[in-house]
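Here the structure comes first, spelled out in structure tokens, and everything after it is commentary.
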């Protein structure tokens, strides 16, 4: 009987050992390691001509991944080529991972001449004299005039921009800045200047024209008629039409839960 108790006790101890061993965590000993440091990341900028505005940016370090922010947009690749519209010193940013940590690094490029033609959208927005710029106003008003130049549209459908659920400005209720103006120029930067009325104190900001995705973003200011809840507080709009004589912008879902359309003409 005593031997049986010893055998049973042995089985219990062995079982407890197995249970304890099975509960121990399995350690993952594969640790992420940096392939280099930030100083070891090589950023290279190549201009097609000395001081020219056609630029190729290249992150040339193996084992590093990330994306370029070249101010006009982002390129999720090591290398990107583009025509830059702004003379002066431009700073471009590469954001990536070294393996175990993220980093950002910048490179400056001096642009002395716009010797490569810009996309036509740039000239339509700021004029052929890119430094002098171009001023836009509403294509109607400033009092209600029956026209369509600032109105409610169906949401989430840029193709429906011609549909006016409510012709706010034309029928009764133009925006407070209906007589204002806004200027776009490339004098040392992508400059945006907003005037709530013809003689108002200017409000300055900047803009990003994304030609590929047909969007216009205003930073630190906003377009005419952006009053809440009509406009986008983030300043991002879809370009419906951009020609020498017309700028049509659309917002797909504003704070009022609708779409909204703006129609401008050159001053």
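Residue numbers (this note's numbering): 24 to 290. Just so it is clear, CB atoms sit at the ideal spot from N, CA and C, and this is done for glycine as well.
Query                                                                                                                                                                        : Result
Apart from the five residues just before and just after residue 154, which ones in its own chain have a Cβ nearer than 7 Å to its Cβ?                                        : 208, 209 and 210
If contact is defined by three or more beta carbon pairs under 8 Å, each pair taking one atom from either stretch, is the region 144–161 in contact with the region 275–289? : yes
Does the region 115–126 come within contact of the region 160–171, defined as at least 3 CB pairs closer than 8 Å?                                                           : no
How would you write the range of the beta strand (DSSP E) that residue 80 sits in, first residue to last?                                                                    : 77–82
Would you decide whether residue 277 is buried or exposed? Buried here means 16 or more other CB atoms lie within 10 Å of its CB.                                            : buried
Around the C-beta of residue 99, are 16 or more other C-beta atoms found within 10 angstroms, so that it is buried, or is it exposed?                                        : exposed
Between which residues of its own chain and residue 60 is the CB-CB distance below 6 Å, once the five residues before and five after are set aside?                          : none
State the DSSP-derived secondary structure class of residue 145, mapped to helix, strand or coil.                                                                            : helix
Can you give the Cα-Cα distance for residue 83 and residue 244, rounded to whole angstroms?                                                                                  : 37 Å
Residue 228 and residue 201 - do their beta-carbons sit closer together than 8 Å?                                                                                            : no
Over the uninterrupted beta strand (DSSP E) stretch that includes residue 168, give me the two end residues.                                                                 : Here residue 168 belongs to no beta strand (DSSP E), and DSSP marks it neither H nor E.
Short of 8 Å in beta carbon distance, which residues of its chain neighbour residue 179, apart from the five on each side in sequence? Order them along the chain.           : 275, 276 and 282
Considering only the beta carbon of each residue, do residue 203 and residue 219 sit closer than 8 Å?                                                                        : yes
With the cut-off set at 8 Å, would you say residue 238 and residue 260 are in Cβ contact?                                                                                    : yes
Go through its chain and collect everything with a Cβ distance to residue 242's Cβ below 8 Å, but skip five positions before and after it.                                   : 215, 228, 229, 230, 231 and 258
Using CA atoms only, rank isn't needed, just tell me which of 235, 92 and 76 is closest to residue 130.                                                                      : 92
Return the CA-CA distance between residue 65 and residue 253, expressed in angstroms with no decimal places.                                                                 : 45 Å
State yes or no: is the C-beta of residue 205 within less than 8 Å of the C-beta of residue 189?                                                                             : no
For residue 285, which of helix, strand or coil comes out of DSSP?                                                                                                           : strand
Are the beta-carbon atoms belonging to residue 198 and residue 270 less than 8 Å from one another?                                                                           : no
With residue 194 as the anchor, note down where its alpha helix (DSSP H) starts and where it stops.                                                                          : 191–194
For a test of the three-state rule: what should DSSP assign to residue 33, helix, strand or coil?                                                                            : Summary for residue 33: the model assigns pLDDT 48, below 50, so the residue's position carries little reliability; its value from the coordinates is reported in the next sentence. Correct three-state label for residue 33: helix.
Pop quiz: residue 115 and residue 132 are said to be a contact at Cβ under 8 Å. What is the actual Cβ separation, rounded to whole angstroms?                                : 7 Å
Would you say residue 213 and residue 109 are within 8 Å of each other, going by their C-beta atoms?                                                                         : yes
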